[in-house]
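Presented below is the structure to which this report refers.
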Amino acid sequence: MAADIKQLEKKYVGKEVEFRLLRFAPDKDRAPYFQSFRIKLSQGMTVLDALMRIKETQDPTLSYRKSCRMGICGSCAMQVNGFPKLTCQTQVTELNTDKPIEVRPLANFPILRDLVPDLRNFLKAHESIKPYVIREDAEELDHPTGEFYQSPKELEKYLQFAYCIKCGACLAACPTNATDHEFLGPQALAAAYRYVADSRDQGLEQRLEAVDGPNGIFRCHYAGACSEACPKGVDPSLGIQLLKREILKYRVGAAHKKPAPLAVTPKGLKRREGIPLPPEKTVGQ
Amino acid sequence: MKFFQLEPKTHANYLGVKGWAYGGRYGIERYLYTLQRVTGLGVLLYLPMHLIVTSQKLNQAGWEQVMGLVARGLLPFGEFLVFVGGVFHAFNGIRLLLTHFGFLMAQPARPIYPFTVAALKQRWAVYLVFVMTTVVVGYGAWEFLIVAHH
Ligand code: SF4
Numbered sequence: 023m024a025a026d027i028k029q030l031e032k033k034y035v036g037k038e039v040e041f042r043l044l045r046f047a048p049d050k051d052r053a054p055y056f057q058s059f060r061i062k063l064s065q066g067m068t069v070l071d072a073l074m075r076i077k078e079t080q081d082p083t084l085s086y087r088k089s090c091r092m093g094i095c096g097s098c099a100m101q102v103n104g105f106p107k108l109t110c111q112t113q114v115t116e117l118n119t120d121k122p123i124e125v126r127p128l129a130n131f132p133i134l135r136d137l138v139p140d141l142r143n144f145l146k147a148h149e150s151i152k153p154y155v156i157r158e159d160a161e162e163l164d165h166p167t168g169e170f171y172q173s174p175k176e177l178e179k180y181l182q183f184a185y186c187i188k189c190g191a192c193l194a195a196c197p198t199n200a201t202d203h204e205f206l207g208p209q210a211l212a213a214a215y216r217y218v219a220d221s222r223d224q225g226l227e228q229r230l231e232a233v234d235g236p237n238g239i240f241r242c243h244y245a246g247a248c249s250e251a252c253p254k255g256v257d258p259s260l261g262i263q264l265l266k267r268e269i270l271k272y273r274v275g276a277a278h279k280k281p282a283p284l285a286v287t288p289k290g291l292k293r294r295e296g297i298p299l300p301p302e303k304t305v306g307q
Numbered sequence: 007m008k009f010f011q012l013e014p015k016t017h018a019n020y021l022g023v024k025g026w027a028y029g030g031r032y033g034i035e036r037y038l039y040t041l042q043r044v045t046g047l048g049v050l051l052y053l054p055m056h057l058i059v060t061s062q063k064l065n066q067a068g069w070e071q072v073m074g075l076v077a078r079g080l081l082p083f084g085e086f087l088v089f090v091g092g093v094f095h096a097f098n099g100i101r102l103l104l105t106h107f108g109f110l111m112a113q114p115a116r117p118i119y120p121f122t123v124a125a126l127k128q129r130w131a132v133y134l135v136f137v138m139t140t141v142v143v144g145y146g147a148w149e150f151l152i153v154a155h156h
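Protein sequence lines correspond, in order, to chains A and B. First residue of the first sequence: 23, per my numbering; consecutive thereafter. First residue of the second sequence: 7, per my numbering; consecutive thereafter.
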């Protein structure tokens, strides 16, 4: 292993690589154009590191979004050689360094400047599916007196979809988004399933207006590209198909969902010796 | 306090029809997505032409003349292509219908790196579509291109 790393280092560190970056300044450019930069690779360099190096040493006007630099914030998704990727998680050595590496802003989003996509419609779509637990006992949500029951098995049903970091890579990969600009998109639809599958939620009906409209869930024809592009393993296309099933069940009157009840502390039980006390309650005191 | 928001000038960046048609480095389902829609359109375009031709009120001689016209040149091969498209569309359509309603889908699982997408777990359905299409098309090719011309 160590020998492999030494070999890689020898092959790449110090190698000069060309980056072709899409540039667009809305105040002076009529259309985007490519600009090339050459930099020397350093050890463990990601595409985002390369962009930062270019900005620091060659062109301070280069614009891109980034924050955490470790695949958590979802800010730095871009098209790298035509494929949507989190640039902070893409090692330059994964790519063919003998050819210029092309970096563009995420496809299917308008360009604000250089590599910065306009995420406003994307975030509006997410908001439209009501991304929060909806229950008939709204009073309990506003002024909680306890926790809702949820078994580990129930948690598994939606947990995968809760890992979404809203990077937008799935929309850049989606062929329906490429032509239907109003399509809700894989992220919002998978997020809708995340809540519908949550045992505490009763909001399917309230979400239908956004989810099952003319540009909604049935415009998805299962190309699966969103799932391949997702850097967090969310598998939005899986969530979307499962949500279609929930909608079908609802439409034929077969959706019977009882939301998880409040967990009640059993009374009259005696703690066995040696079992530590639970932590202090944080709600409902 | 009231803030006003400036409407930023942006540049459209949709991949458009090219992005819709080109599957790039994505998996086989991405290509089937395009193929399903192209074959659907092909069958849809063929249907009115077929209806127009076959709904003519003709006597036997007229009918045979029309049939002679459509049996010329590349037209039988074109018809065969519509048949291939139709067969693929039907089998793939069944796979998609089952998928859309979650029947062929794997269950959600914790995303542990390296991630496997659910589509991979139902690849067998894609292969089954190919096998079924090949069997029916093979039989059709025999009927269309060999038996019908002897
Ligand atoms: S589903 Fe995946 S690709 Fe889509 S926004 Fe969420 S994390 Fe990004």
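Quick reminder that beta carbons are idealized off the backbone N, C-alpha and C, glycines included. Remember, it's a predicted structure, so these values are computed and weren't measured experimentally.
Original post:
Does the beta carbon of Ala256 (chain A) fall short of 8 Å from some heavy atom of the ligand SF4?
Top reply: By 1-based counting over the first sequence, the position of residue 256 (chain A) is 234. A quick correction: the sequence has Val, not Ala, at residue 256 (chain A). Result yes, Cβ under 8 Å from the ligand SF4.
Subject >> Ala99 (chain A): first and last residue of the uninterrupted beta strand (DSSP E) it sits in >> reply: Locating residue 99 (chain A) in the first sequence gives position 77, counting from the first residue. If you look at Ala99 (chain A), you'll find it in the beta strand (DSSP E) that goes 99 to 102.
Subject >> Secondary structure of Val39 (chain A), DSSP reduced to three states >> reply: Start at 1 with the first residue of the first sequence, and residue 39 (chain A) comes out as number 17. It is a strand residue.
Original post:
Should the segment 203 to 212 of chain A be called in touch with the segment 247 to 264 of chain A, which here means at least 3 C-beta pairs below 8 Å?
Top reply: At 8 Å Cβ cutoff, the stretches touch.
Subject >> Inter-residue spacing [alpha-carbon to alpha-carbon] between Ala219 (chain A) and Leu265 (chain A) >> reply: The residue labelled residue 219 (chain A) in the question sits at position 197 within the first sequence. The residue labelled residue 265 (chain A) in the question sits at position 243 within the first sequence. If you draw a straight line from the Cα of Ala219 (chain A) to the Cα of Leu265 (chain A), it comes to about 8 Å.
**OP:** Give the interface partners of Arg35 (chain B) over in chain A, defined as CB-CB distance under 7 Å, in chain order.
**Re:** In the second sequence, the residue the question calls residue 35 (chain B) occupies position 29. One detail in the question is off: residue 35 (chain B) reads as Glu in this sequence, not Arg. In chain order: Tyr244, Ala245, Gly246.
**OP:** Using a Cβ cut-off of 8 Å, pull out every chain B residue sitting near Pro132 (chain A), in sequence order please.
**Re:** Position 110 of the first sequence, counted from the first residue, corresponds to residue 132 (chain A). Against chain B, a Cβ distance below 8 Å from Pro132 (chain A) picks out Thr16, His17, Ala18, Asn19.
Subject >> Any non-hydrogen atom of the ligand SF4 closer than 8 Å to Gly96 (chain A) Cβ >> reply: Locating residue 96 (chain A) in the first sequence gives position 74, where the first residue counts as 1. Yes; taking the cut-off as 8 Å, the Cβ of Gly96 (chain A) has a heavy atom of the ligand SF4 nearer than that.
**OP:** Check each candidate in A:Glu302, A:Leu260, A:Gly168 and name the one with the smallest Cα separation from Thr105 (chain B).
**Re:** Within the second sequence, the letter at position 99 stands for residue 105 (chain B). Per the Cα distances, A:Leu260.
Subject >> Check: Ala200 (chain A) C-beta below 8 Å from any heavy atom of the ligand SF4 >> reply: The count along the first sequence starts at 1 and reaches residue 200 (chain A) at position 178. The closest heavy atom of the ligand SF4 lies 8 Å or more from the beta carbon of Ala200 (chain A).
**OP:** At 3 residues or longer, and completely inside the segment 54 to 80 of chain A: list those beta strand (DSSP E) runs for me, N to C.
**Re:** DSSP runs (the beta strand (DSSP E)) wholly in the segment 54 to 80 of chain A: 55 to 62.
Original post:
Should Ala194 (chain A) and Ala129 (chain A) be called a contact, given that it needs their Cβ atoms to be closer than 9 Å?
Top reply: Working through the first sequence from its first residue, we reach residue 194 (chain A) at position 172. Working through the first sequence from its first residue, we reach residue 129 (chain A) at position 107. The answer is yes: Cβ separation under 9 Å.
Original post:
Within this structure, are the beta carbons of Lys152 (chain A) and Tyr217 (chain A) separated by less than 9 Å?
Top reply: As a position in the first sequence, residue 152 (chain A) is number 130, starting the count at 1. As a position in the first sequence, residue 217 (chain A) is number 195, starting the count at 1. Tyr217 (chain A) is positioned such that its CB atom lies closer than 9 Å to that of Lys152 (chain A).
Original post:
Is the distance from the Cβ of Gln65 (chain A) to the Cβ of Phe107 (chain B) below 9 Å?
Top reply: For the purposes of this step, residue 65 (chain A) is taken as the residue at position 43 of the first sequence. For the purposes of this step, residue 107 (chain B) is taken as the residue at position 101 of the second sequence. Taking 9 Å as the Cβ cut-off, Gln65 (chain A) and Phe107 (chain B) do not qualify as a contacting pair.
Original post:
Applying a beta-carbon distance threshold of less than 7 Å, which residues of chain B neighbour Ala200 (chain A)?
Top reply: Residue mapping note: residue 200 (chain A) aligns to position 178 of the first sequence, counting from 1. Identification of chain B residues near Ala200 (chain A) by a Cβ-Cβ cut-off of 7 Å yields Tyr20, Leu21, Gly22, Gly25, Trp26, ordered along the chain.
**OP:** Tell me whether Tyr86 (chain A) counts as near the ligand SF4, meaning its Cβ is closer than 8 Å to at least one heavy atom of that ligand.
**Re:** Stepping through the first sequence from its first residue, residue 86 (chain A) is reached at position 64. Because no heavy atom of the ligand SF4 lies under 8 Å away, the Cβ of Tyr86 (chain A) does not count as near it: no.
**OP:** Note the first and the last residue of the continuous beta strand (DSSP E) segment covering Phe105 (chain A).
**Re:** On the first sequence, position 83 is the one that residue 105 (chain A) refers to. Start and end: 105 to 108.
Subject >> Residue-level contact to chain A via CB, Ile118 (chain B), 9 Å cutoff >> reply: Numbered from its first residue, the second sequence carries residue 118 (chain B) at position 112. For Ile118 (chain B), the answer is yes, since a Cβ of chain A falls inside 9 Å of its Cβ.
**OP:** Indicate whether Tyr180 (chain A) and Tyr154 (chain A) have their beta-carbon atoms separated by less than 9 Å.
**Re:** For the purposes of this step, residue 180 (chain A) is taken as residue 158 along the first sequence, with counting starting at 1. For the purposes of this step, residue 154 (chain A) is taken as residue 132 along the first sequence, with counting starting at 1. No, the pair does not count as a contact, with Cβ atoms beyond the cut-off.
Subject >> Length of the line joining the Cα atoms of Leu177 (chain A) and Val102 (chain A) >> reply: Taking the first sequence and counting its residues from 1, the one referred to as residue 177 (chain A) is at position 155. Taking the first sequence and counting its residues from 1, the one referred to as residue 102 (chain A) is at position 80. Computed Cα separation, rounded: 34 Å.
Original post:
Should Ala53 (chain A) go down as buried or exposed, given a rule of 16 or more other Cβ atoms within 10 Å for buried?
Top reply: Residue 53 (chain A) sits at position 31 when you count from the first residue of the first sequence. Exposed: under 16 other Cβ atoms inside 10 Å.
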